[in-house]
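Number of protein chains: 2
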Amino acid sequence: MNAGRLAGFDGWRDLFIDRISRDNQRMTPQRLQIAETLYHHGHLNVDELHRRVRDIDQTVGYATVYRTLKLLERYGLVEVSHFADGTARYEVHVGGEDHHDHMICTRCGKIVEFENEAIEALQVEIAQAHGYKLTNHRMDLFGLCPSCQ
Amino acid sequence: MNAGRLAGFDGWRDLFIDRISRDNQRMTPQRLQIAETLYHHGHLNVDELHRRVRDIDQTVGYATVYRTLKLLERYGLVEVSHFADGTARYEVHVGGEDHHDHMICTRCGKIVEFENEAIEALQVEIAQAHGYKLTNHRMDLFGLCPSCQ
DNA sequence: CTAGGTGCAAACAATTTGCTGCTCA
DNA sequence: TGAGCAGCAAATTGTTTGCACCTAG
Numbered sequence: 034m035n036a037g038r039l040a041g042f043d044g045w046r047d048l049f050i051d052r053i054s055r056d057n058q059r060m061t062p063q064r065l066q067i068a069e070t071l072y073h074h075g076h077l078n079v080d081e082l083h084r085r086v087r088d089i090d091q092t093v094g095y096a097t098v099y100r101t102l103k104l105l106e107r108y109g110l111v112e113v114s115h116f117a118d119g120t121a122r123y124e125v126h127v128g129g130e131d132h133h134d135h136m137i138c139t140r141c142g143k144i145v146e147f148e149n150e151a152i153e154a155l156q157v158e159i160a161q162a163h164g165y166k167l168t169n170h171r172m173d174l175f176g177l178c179p180s181c182q
Numbered sequence: 034m035n036a037g038r039l040a041g042f043d044g045w046r047d048l049f050i051d052r053i054s055r056d057n058q059r060m061t062p063q064r065l066q067i068a069e070t071l072y073h074h075g076h077l078n079v080d081e082l083h084r085r086v087r088d089i090d091q092t093v094g095y096a097t098v099y100r101t102l103k104l105l106e107r108y109g110l111v112e113v114s115h116f117a118d119g120t121a122r123y124e125v126h127v128g129g130e131d132h133h134d135h136m137i138c139t140r141c142g143k144i145v146e147f148e149n150e151a152i153e154a155l156q157v158e159i160a161q162a163h164g165y166k167l168t169n170h171r172m173d174l175f176g177l178c179p180s181c182q
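Residue numbers (this note's numbering), protein chains in the order written: chain A, 34 to 182; chain B, 34 to 182.
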């Protein structure tokens, strides 16, 4: 049932492999494991990601997780978000996919993704009205999820 | 010409004094100086704020700036934003005032504030559609300001 | 082979906290 | 007077980097 999900990972991983070789860098089992783990559990911070990777490969170090995330970030294959807890959270970014934003439960921390074209259009208008050329944005909604209300 | 601006500070400072006494805490010259400096220069990070405060009172320490900002934050008198540079930036928050968001120039760092009711309304709709009770939000637009394009 | 990667530990940077003397209410 | 501050420096926490050994290509 998650064949599509796995196929999705395969495609994304192939992008990683492609970008890494064009960049004269090497693919390693650690990098692959980090990428795969992140792909299957979005919105992880480095500590959580490191723990999950370590469940599979005991030897992977913290620094390698950071360095791999930096690589993925440079290749545009992941996106970082800084929420209130002071840690950076990562999730995979699939090229042609629409940008999405986050709604975070302030009690349990659950994160829901959403996208809204009307807001995106308004953002462009606002930027133009101030003479800015919009390149990117970040929007987080905070509140209580259904089960925490 | 900035009489209105000063009057604004007076009101906000009085809120600070009021909240601080209700909280069984004390007003001190350092706290007042930190509050006043922040009021007159929004979007400062701790280092910048500390430097400006020190221009006026050489003895104020880093920790006091942090502790005062925590107080102000707890009282709802300032808002924190985490932009990409890893430091927290503070600005005063006046009670009845409408929430505003930020547009940041990715080249020179200039920050413009704006507010947009249509987007706020859409945010409420999105939250409801996911069963969330919206309490707060954050929206940052990134791009190039007119002089950096 | 060898440029580049890994893990570890040390270095950094932002923020917090313990402590001792000081001060507002 | 006494509970609560201030300043300093040491401690934490998140992230980066130097180095000696290891490995993908």
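Ideal Cβ positions, reconstructed from N, Cα and C, are used throughout, including at glycine.
Whole-angstrom C-beta distance between residue j and residue i, which should lie under 8 Å
i	j	result
A:Glu148	A:Asp134	7 Å
B:Ile53	B:Arg46	So it is not a contact: roughly 10 Å between Cβ atoms.
B:Ile144	B:Ile137	5 Å
B:His132	B:Val111	Rounded, the Cβ-Cβ distance is 14 Å, inconsistent with contact.
Cutoff 7 Å: residue i Cβ touching any chain A Cβ
i	result
B:Gln156	yes
B:Ile152	yes
B:Phe185	In the structure as shown, chain B begins at 34 and stops at 182. Residue 185 of chain B is therefore absent and cannot be evaluated.
B:Phe175	yes
B:Arg84	no
B:Arg100	no
B:Arg171	yes
Neighbour flag for residue i against chain B, beta carbons, 7 Å
i	result
A:Ala36	The predicted model places A:Ala36 with a pLDDT of 45, which falls under 50 and marks its position as unreliable; any figure quoted below should be read in that light. Not one chain B Cβ lies under 7 Å of A:Ala36.
A:Met60	no
A:Cys141	no
A:Ile53	no
A:Gln161	no
A:Thr168	yes
A:Tyr165	yes
A:His115	yes
A:Gln182	yes
Where residue i falls, given that 16 or more other Cβ within 10 Å makes a residue buried
i	result
A:Tyr72	buried
B:Thr70	buried
B:Thr101	buried
B:Gly109	exposed
B:Arg38	For B:Arg38, the predicted model reports a pLDDT of 45, less than 50, meaning its position is unreliable and no value from the coordinates is stated.
B:Arg171	buried
B:Cys178	buried
A:Tyr95	exposed
A:Tyr165	buried
B:Gln156	buried
B:Arg122	buried
A:Ala68	buried
Beta carbon of residue i nearer than 7 Å to that of residue j
i	j	result
A:Leu104	B:Leu174	no
B:His115	A:His115	yes
A:Gly44	A:Glu124	no
B:Thr97	B:Gln63	yes
B:Val86	B:Val93	yes
B:Ala160	A:Gly176	yes
* **Segments assigned alpha helix (DSSP H), at least 4 residues, entirely inside the segment 95-176 of chain B** => As far as the segment 95-176 of chain B is concerned, its whole alpha helix (DSSP H) runs of at least 4 residues are 95-107 and 150-162.
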